[in-house]
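To start, the structure itself, in structure tokens.
Number of protein chains: 2
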Amino acid sequence: MKKALENIRILDFTRVLAGPFCTMMLADLGAEVIKVERPQEGDDARSFGPFVGKESAYFMSINRNKKSICLNLKNRDAIAVIKRMIPKIDVVVENFRPGVMDKLGLGYQELRKLNPGLIYATSSGFGSTGPYSQLPAYDLILQGMGGIMSITGEDADHPIKVGSSIADIFAGVFCAIGILAALNHREKTGEGQMVDVSMLDCQVAILENAISRYFVSGENPVPIGNRHPSIAPFATLHTASGFLNIAVGNDSLWEKFCQLIGKPELVKDPRFVDNDSRNRNWDSLKPILEDVLRKETKENWIERLQAAGVPCGPINTIADVVKDPQVLHREMIVEIEHPVAGKLKMPGCPIKLSETPASVEKPSPTLGQHQEEILCGFLGLDREEFERLQNSGAF
Amino acid sequence: MKKALENIRILDFTRVLAGPFCTMMLADLGAEVIKVERPQEGDDARSFGPFVGKESAYFMSINRNKKSICLNLKNRDAIAVIKRMIPKIDVVVENFRPGVMDKLGLGYQELRKLNPGLIYATSSGFGSTGPYSQLPAYDLILQGMGGIMSITGEDADHPIKVGSSIADIFAGVFCAIGILAALNHREKTGEGQMVDVSMLDCQVAILENAISRYFVSGENPVPIGNRHPSIAPFATLHTASGFLNIAVGNDSLWEKFCQLIGKPELVKDPRFVDNDSRNRNWDSLKPILEDVLRKETKENWIERLQAAGVPCGPINTIADVVKDPQVLHREMIVEIEHPVAGKLKMPGCPIKLSETPASVEKPSPTLGQHQEEILCGFLGLDREEFERLQNSGAF
Chain A
26 MKKALENIRI LDFTRVLAGP FCTMMLADLG AEVIKVERPQ EGDDARSFGP FVGKESAYFM
86 SINRNKKSIC LNLKNRDAIA VIKRMIPKID VVVENFRPGV MDKLGLGYQE LRKLNPGLIY
146 ATSSGFGSTG PYSQLPAYDL ILQGMGGIMS ITGEDADHPI KVGSSIADIF AGVFCAIGIL
206 AALNHREKTG EGQMVDVSML DCQVAILENA ISRYFVSGEN PVPIGNRHPS IAPFATLHTA
266 SGFLNIAVGN DSLWEKFCQL IGKPELVKDP RFVDNDSRNR NWDSLKPILE DVLRKETKEN
326 WIERLQAAGV PCGPINTIAD VVKDPQVLHR EMIVEIEHPV AGKLKMPGCP IKLSETPASV
386 EKPSPTLGQH QEEILCGFLG LDREEFERLQ NSGAF
Chain B
26 MKKALENIRI LDFTRVLAGP FCTMMLADLG AEVIKVERPQ EGDDARSFGP FVGKESAYFM
86 SINRNKKSIC LNLKNRDAIA VIKRMIPKID VVVENFRPGV MDKLGLGYQE LRKLNPGLIY
146 ATSSGFGSTG PYSQLPAYDL ILQGMGGIMS ITGEDADHPI KVGSSIADIF AGVFCAIGIL
206 AALNHREKTG EGQMVDVSML DCQVAILENA ISRYFVSGEN PVPIGNRHPS IAPFATLHTA
266 SGFLNIAVGN DSLWEKFCQL IGKPELVKDP RFVDNDSRNR NWDSLKPILE DVLRKETKEN
326 WIERLQAAGV PCGPINTIAD VVKDPQVLHR EMIVEIEHPV AGKLKMPGCP IKLSETPASV
386 EKPSPTLGQH QEEILCGFLG LDREEFERLQ NSGAF
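Protein chains in written order, with my numbering: chain A, 26 to 420; chain B, 26 to 420.
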């Protein structure tokens, strides 16, 4: 089947998470992604556990559908090889610290001379400009600096980091949007450009109502657990078998909810008559609701509440998620055969296209797996050149 | 200046957050976004506080750069007007519950007859297919069902929702990628298609190492606060003036860190000699570090640690973020003049393009502000038709 991005060829210098997540999405959608790795070690993520045999499950899950070649970026011949590839490349992606590619002779200003239509995308902690540009970046540091930690948690004394590396992941996702937008512009004009995405910028962009609330009210938002600032009940509550999330957004849902849990008297209770009262008196309401909810399992409550149209759901663990009927129906867990590690399950692509569906067709490459295919086949080096490069330490 | 997506026209039926966030990004990048709203009330988010005068700051912050027209989707004439627009539209985006657009006569199968190149994007809680397709969706419910809550928080007894609505936001962002990929395919083939994105699928896609860890080890991940599962020190620590995040990823950084905090003896301490020991003995190490760190402010520590190359940073509140020098340098806080609400600050666009920069040029539209421009100008209705539609209740 045709793929949406099958006309796009990407030279991918990225490591670990933000960049590889970006190019994984583009590869799932059909782009040819040629991953350039250090000889011997490869992408740092190849050493992140847990392992299947000697293969990193982490690496395999975000580098599927890509090709791998090894090049030593400190070797002049290797740099020359890359420059010979650039005219036939649509997009370069890298997530080194700003300035590194320039020092290697592979910065955007250099590469655009070889291909004025090139899209050069860089993803970094703080962006390629500005006072923090050279600071080291880790997801935890960026979640802290970007504000999301200050509004996540039970209260202001216990700020919490999001459990997955969303500072990296958001940078990868926004970078993909930038690349695709730049490709649209190139299609019309032939003009390439640089896409510069930072983890910090992306964290600011996803703060949602926190920023507008702060500017309008002057109040600095703090974590409020799982509650909603102005809706109640909107909470995580205990049942006989674990947590239940409920979101009772209006009075008619509230009435349904009270009937269903066998507490019709709450509807008339002056403390809980409308959303505003329920919100103000939440500390009295919560234990009343939990007393009832603890009498049955969350599964029973969910079945009955969903049937009545009350928004609710469990807090699924990872083990629950990967066997959830909707998740499986949507093909969000895919299995792929890796030549070394064997069968491996990982998340699918969440972008569902009717005519050019994304797919996970190829496992992550072993280190340098496509060395000859790319250097001899695609670039057209002859056997002699290939061996000369090998002997010179280019790979 | 030219914009990357200035050739793209979007008819936008979305409300509240996921869909509007998607079309905001596309509008920032230059697409013409025509937002179709209910007469009188408009997008639900227009009623979300806080307000500036009568204008919702929340609505304004995610609907800048768009145009607004009012159409009553229960009125036959209004549906006919939409169908007359479709041949001149590149992308339709909607985030109704699956099936709603079909019932209105505006489903993808109907609209593609009028424009085979149309991209029809739908963003919903659970996707347009599958057993949960018709369930009501709120961000809290999806964060619970998608697994992120089960790995966010201090421990398994206190699962925490991310402080911004990332289930909505990720759906909006992935949907934008799907639209742009589909546009690339249309450019080559003329063929349109449906983009179907669900909040649940997107939550699964961002679980990162949790899924591979689970499949490989069989262990179900639980929240571990702000720690790293295998690196120490990687933590949030108390100082004299608030929290400090540090990420000391290897032994050489550990040595620098110990020197700098005046605790060189820790380097030789057998409990802390390598990462593995530090990780195992973290409960002994943490209080030792906090005793020292509490003697100075986080600002002092950060200055010294950054100078030494130790990854670290504060937990910025929203008030800190919006005045941070890097955030300001990157133009991530923009100010715009709204005709009714006056000057308003909001996050900028995190996708920085060198030749076709995104920008926030126009404030969010007032309800129906572009009724005549779009219906008479763009669609070409004459005065008589416009008035007939108005009188028939189409708007």
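We put the beta carbon where it would ideally sit given N, CA and C, even for glycine. As the structure is a prediction and not an experimental result, all values here were calculated from the model.
Item	Value
DSSP state of B:Ala181 mapped onto helix, strand, coil	coil
Inter-residue Cα distance where the pair is A:Val224 and B:His183	It should be noted that the sequence gives Met, not Val, for residue 224 of chain A. Distance between the alpha carbons of A:Met224 and B:His183: 27 Å.
3 or more residues per run - each beta strand (DSSP E) lying fully within the region 33-88 of chain A	34-37 and 57-62
Start-end ranges of the alpha helix (DSSP H) lying completely within the region 311-397 of chain A, minimum 4 residues	323-332, 343-346 and 350-354
Contact check, B:Leu131 vs B:Ile114, beta carbons under 9 Å	no
Sheet register partners of A:Ser309 (DSSP bridge)	A:Ser309 pairs with nothing; no bridge assigned.
Close Cβ partners of A:Phe199 (< 6 Å) along its chain, the five nearest in sequence each way excluded	Val222 and Cys227
Members of the region 230-248 of chain B that neighbour chain A once the beta carbon cut-off is set at 7 Å	Ala230, Ile231, Leu232, Glu233, Asn234, Ala235, Ile236, Ser237, Arg238, Tyr239, Phe240, Val241, Ser242, Asn245, Pro246 and Pro248
C-beta neighbour in chain B for A:Cys95, strict 9 Å	no
DSSP state of B:Leu98 mapped onto helix, strand, coil	coil
Cβ distance (whole Å) where A:Ile35 is taken to contact A:Thr48 below 8 Å	6 Å
Contact with chain A by B:Leu136, beta-carbon distance below 9 Å	no
Contact set for A:Asp193: own chain, Cβ-Cβ below 6 Å, skip 5 residues either direction	Leu42, Ala43 and Asp164
Distance between beta carbons of A:Val220 and A:Gly203, contact taken as under 8 Å	4 Å
9 Å Cβ cutoff, B:Phe121 in contact with chain A	no
9 Å Cβ cutoff, A:Lys213 in contact with chain B	yes
Beta-ladder partner(s) of A:Thr261, from DSSP	A:Asn270
Check whether A:Leu400 and B:Asn209 have beta carbons under 9 Å apart	no
Rounded straight-line distance, which links the Cα of A:Ile256 to that of B:Gly74	12 Å
Near-chain B residues of the region 370-384 of chain A - C-beta to any C-beta below 9 Å	Lys370, Met371, Pro372, Gly373, Cys374, Pro375, Ile376, Lys377, Leu378, Ser379, Glu380, Thr381 and Ala383
Test item: CB-CB of A:Glu119 and A:Ala146 under 9 Å	yes
Burial state of B:Ala105, where buried means 16 or more other Cβ atoms lie within 10 Å	exposed
8 Å Cβ cut-off: residues of chain B touching A:His183	Glu179
Those residues which DSSP pairs with B:Met219 across a bridge	B:Tyr145
Per-residue contacts from A:Cys227 into chain B (C-beta, under 8 Å)	Pro375
Reduced DSSP secondary structure (H/G/I, E/B, other) of B:Lys138	helix
Environment of A:Ala332 [buried if 16+ CB atoms lie within 10 Å]	exposed
Spatial neighbours of B:Pro258 in its chain, beta-carbon cut-off 6 Å, leaving aside the 5 residues before and after	Ile271 and Val273
Selected residue, minimal CA-CA separation from A:Cys95, among A:Gln394, A:Glu412 and A:Phe403	A:Gln394
Secondary structure of A:Ser417, DSSP reduced to three states	helix
Within chain B, partners of A:Gly124 - CB distance below 8 Å	None at all; the shortest Cβ gap to chain B is about 15 Å.
Alpha helix (DSSP H) segment containing B:Glu244, residue limits	Taken as a continuous stretch (DSSP letters only), B:Glu244 belongs to no alpha helix (DSSP H), as it is neither H nor E.
Reference A:Ile166, options B:Phe268, B:Gln396 and B:Pro388, closest by Cα	B:Phe268
Validate contact between the region 247-254 of chain B and the region 309-320 of chain B using beta carbons, cut 8 Å, 3 pairs	no
Inter-stretch contact at 8 Å, needing at least 3 Cβ pairs: the region 228-238 of chain A / the region 133-148 of chain B	no
Per-residue contacts from A:Ile340 into chain B (C-beta, under 9 Å)	Gln168, Gly169, Met170, Gly172, Met174, Ser175 and Pro184
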